[in-house]
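Residue numbers (the numbering used here): 13 to 138.
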């Protein structure tokens, strides 16, 4: 098991859930690429950080329920159920999500997010 990668991912997610963008950035490589399955787009680090910052203005609460992490040769896979409450009252209730992280030199350089699209569509998230 890639214990270093699992710890980097745990700390990154802790920062995300604490809404701490500065701490999040500490765990991201400058050449980071983020990919979302439900929109099939890649984002570079500056675009991802703007995306997350914008999301935090919409999301009142986010929880990763029942997180499970497994180290891989190149990083870590995290599975959980995501729960979100939006400021407008919308809710994503325990949508299955898997995130594949590639980690090198103590930093995340690729994130691939797989989430149940219909669960997001029900709240109008795209």
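All C-beta atoms, glycine included, are put in the ideal place defined by N, C-alpha and C.
The model shown is predicted, which means the values in this text are computed figures rather than measured ones.
Problem - Whether residue 126 touches residue 49 by CB criterion (8 angstroms) - result: As a working note, residue 126 is residue 114 in the chain shown. As a working note, residue 49 is residue 37 in the chain shown. Going by C-beta atoms, residue 126 is nearer than 8 angstroms to residue 49.
Problem - Cβ neighbour criterion (16 or more within 10 Å) applied to residue 36 - result: Numbered from 1 along the chain shown, position 24 holds the residue referred to as residue 36. By the 16-neighbour rule on beta-carbons within 10 angstroms, residue 36 is buried.
Practice task
For residue 73, write down the residues that DSSP places opposite it in a beta bridge.
Solution key: By one-based count along the chain shown, residue 73 stands at place 61. In DSSP, residue 73 forms a bridge with 97.
Handout entry: Buried or exposed by the 16-neighbour rule on C-beta atoms within 10 Å, applied to residue 69
Key = The residue labelled residue 69 in the question sits at position 57 within the chain shown. Residue 69 is exposed by the Cβ-count criterion.
Problem - Per DSSP, the bridge partner or partners of residue 40 - result: Reading the chain shown from its first residue, position 28 is the one you call residue 40. BP columns for residue 40 point to 120.
Practice task
Measuring alpha carbon to alpha carbon, tell me which of 71, 58, 90 and 107 ends up nearest residue 101.
Solution key: Mapped onto the chain shown, residue 101 falls at position 89. Ranking 71, 58, 90 and 107 by Cα distance to residue 101 puts 71 first.
Handout entry: Three-pair Cβ contact test at 8 angstroms for the segment 85-92 versus the segment 111-118
Key = Enough Cβ pairs lie closer than 8 angstroms, so yes.
Practice task
Kindly list the residues whose CB is nearer than 8 angstroms to the CB of residue 29, restricted to its own chain and excluding five residues on each side of it in sequence; keep chain order.
Solution key: As a first step, residue 29 must be located in the chain shown, where it is residue number 17. A distance below 8 angstroms between beta-carbons, with the five flanking residues on each side excluded, links residue 29 to the following residues of its chain, in chain order: 74, 75 and 76.
Handout entry: Residues of its chain near residue 47, where Cβ-Cβ distance is below 6 angstroms and the 5 sequence neighbours each way are ignored
Key = The residue labelled residue 47 in the question sits at position 35 within the chain shown. Closer than 6 angstroms at Cβ, skipping near neighbours: 54 and 124.
Practice task
Measure from the alpha carbon of residue 121 to the alpha carbon of each residue in 39, 95 and 15, then state which is nearest.
Solution key: Within the chain shown, numbered from 1, the residue matching residue 121 stands at position 109. When only C-alpha atoms are compared, the closest one is 39.
Handout entry: Backbone CA spacing between residue 96 and residue 67 [nearest angstrom]
Key = By 1-based counting over the chain shown, the position of residue 96 is 84. By 1-based counting over the chain shown, the position of residue 67 is 55. Answer to the nearest angstrom: the Cα atoms are 11 angstroms apart.
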